[in-house]
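Have a look at the structure below before the remarks.
Numbering (our numbering), first residue to last: 5 to 512.
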């Protein structure tokens, strides 16, 4: 069964199970609900958390979302000649059910993003995807060996286990750490995907080194800027980016964030959070209960507010945030171990020099959308993609390679003018963005940050150390909303449960 067939079956199955049931996983009337919730970060994780927290806790709780920059976080666009183009998260996989639900629920529209890949080694295209299945089959068989044909089946085995998370969340279950979540999905073998490299796992499965170097590594370099020595779990996620059925939101993926914020009736506070302090107060039962003081700086200067629950939805890592935490025991670090990967996104409006790519066919007939690169010191970029506007004009057709259009590079360093002259016949403009895009994934990882920092204090961005993408942030938003609800109402039987697949399968 192909990944494409899997996506259809999965969507049908979960659609039948879930339509109309979102937000009903938890009981609504137990003890008194919290009065105020703070969310730090206005990206897809933070705004998704506002949406799910509103579902869990109802209409009376006040939800504040703190964001110093534009809503959307790392989902961003660049305007070129009157059209917006994605510079951050640009494509959404057909199995991303939370993102699909958001778009449907918010009344947004979407469009397909056709993907047709090639692999470039600095001299020529070593793989050029055809429109014909049998041609691609034979090219992979000839170039990479028989085992390469089994890549979709191998990926299906991983993705089908991960898809269980939607059923678990729909049934109200949540997890206090990423390790607990992955173990519940696939046991020890699934958890091991965090401790082995993609290369190690694939070699053990019988895939050839040639296939890994010349097909797998180019995909991982495109998705996460790293070779196949990244962890196997995130490596599997990177391989799914070449699957068919990818899509994007009309007008830009960042629109989901602003619409989630509006739908959740959360208040946006445009400010930078500087400190979160633990405080204590007497409760109605006569004991002390904890609450949190959020200190921040906005246009009007420093201020603070008191909250019953706090969700941090921004990475607590150097260069991405600088929040201090006071009064906690054990102490909470401002920065967790590990660092984020530096990425340069460059948009170029110009005409590509096809001879540079070693294209031996008529340029007008070359319709590859994404050119991924092997790990070569001679190459200045990880990938080169033909990109469409976020809002497609009526009758739009992607221009052929021999016409001037917008191309997007992902690279470790900025492209020099000399390099651009080599790659392009001519160009009309260059737009560059330097950012910390996603974690640097290692096969000898430090312990992952937990989702739970304190009694009612949560860290949504912990999930990025398993994999960083829009859907994972949405999954984490749902998880921490459920955790917050269950902790508030002492529903420990809904947290960190094992053998859920067997138990829930029996209920079905």
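Quick reminder that beta carbons are idealized off the backbone N, C-alpha and C, glycines included. Nothing here was measured: the structure is a model prediction, and the numbers come from that model.
In terms of Cβ geometry, residue 90 and residue 356 do not form a close pair [threshold 8 Å].
If only uninterrupted alpha helix (DSSP H) runs of at least 4 residues are considered, those enclosed by the segment 401-443 are 421-427. Sequence-distant partners of residue 281 (beyond 5 residues in either direction) whose C-beta falls short of 6 Å from its own C-beta, in its chain, are 297, 330, 331. The beta carbon of residue 158 sits closer than 7 Å to the beta carbons of 209 from its chain, once the five residues preceding and following it are set aside; these are given in chain order. Residue state for residue 217 is assigned as helix, using DSSP reduced to three classes. For residue 108, the uninterrupted alpha helix (DSSP H) run begins and ends at 101-110, by DSSP. Pairing residue 442 with residue 344, the inter-Cα distance amounts to about 5 Å.
Counting the other CB atoms within 10 Å of its CB gives residue 368 a total below 16, which places it among the exposed residues. Shown here for residue 295: same chain residues with a beta carbon closer than 7 Å to its own, the five before and five after excluded, namely 283, 285, 310, 311, 312 in chain order. Taking C-alpha positions only, residue 466 is separated from residue 239 by approximately 18 Å.
Residue 194 sits close to residue 186, with the two beta carbons spaced by under 8 Å.
Judged by their CB atoms, residue 489 and residue 264 are not nearer to each other than the 8 Å cut-off.
With a beta-carbon spacing of about 7 Å, residue 501 and residue 188 fall inside the 8 Å limit used to define contacts.
The alpha-carbon separation between residue 96 and residue 103 amounts to approximately 8 Å. The C-beta separation of residue 147 from residue 316 comes to about 46 Å, leaving the pair out of contact by the 8 Å criterion. Judged by DSSP secondary structure, residue 54 falls within the alpha helix (DSSP H) whose first and last residues are 48-61.
Beta-carbon to beta-carbon, residue 375 and residue 388 are separated by about 5 Å, close enough to satisfy the 8 Å threshold. Straight-line spacing of the CA atoms in residue 181 and residue 456 works out to 7 Å. Note that the segment 465-482 touches the segment 98-113; at least 3 beta-carbon pairs, one per stretch, sit closer than 8 Å. Inter-residue distance for residue 122 and residue 236 is about 23 Å (C-alpha atoms, whole angstroms). Taken in chain order, the unbroken stretches of alpha helix (DSSP H) that lie wholly in the segment 163-206 and span 4 residues or more are 168-174, 182-195. The closest CA to that of residue 508, considering only 170, 133, 336, is found on 170. Taking a cut-off of 8 Å for Cβ pairs, the segment 59-72 and the segment 82-89 do not touch, as fewer than three such pairs fall below it. Close CB contacts of residue 130 within its chain, under the 6 Å cut and outside five residues either way in sequence, are with 123, 218 (chain order). Residue 236 sits in a helix when the DSSP states are folded into three classes.
Beyond the five residues adjoining it in sequence on each side, residue 429 comes within less than 8 Å, by CB distance, of 354, 355, 356, 357 in the same chain, given in chain order.
Residues of the same chain with a CB within less than 6 Å of the CB of residue 341, apart from the 5 flanking positions on each side, are 450 in chain order.
Residue environment: residue 138 is assigned as exposed (fewer than 16 neighbouring CB atoms within 10 Å of its CB, all protein chains considered).
Approximately 3 Å separates the beta-carbon atoms of residue 128 and residue 362; this is inside 8 Å, confirming the contact.
Assignment of beta-bridge partners to residue 390 by DSSP yields 411.
The continuous alpha helix (DSSP H) containing residue 138 extends over residues 137-148. In the same chain as residue 393, and ignoring 5 residues on each side of it, the C-beta atoms closer than 7 Å to its own belong to 87, 88, 89, in chain order. Taking residue 481 as the centre and dropping the five residues before and after it, the same chain places the C-beta of 49, 52, 53, 56, 464 closer than 7 Å to its C-beta, in chain order. When 365, 174, 401 are compared, the shortest CA-CA separation from residue 505 is found for 174. In this structure residue 415 is not in contact with residue 382, their Cβ atoms being roughly 13 Å apart against a cut-off of 8 Å. Across the set 247, 372, 351, the C-alpha of 372 shows the shortest separation from the C-alpha of residue 406.
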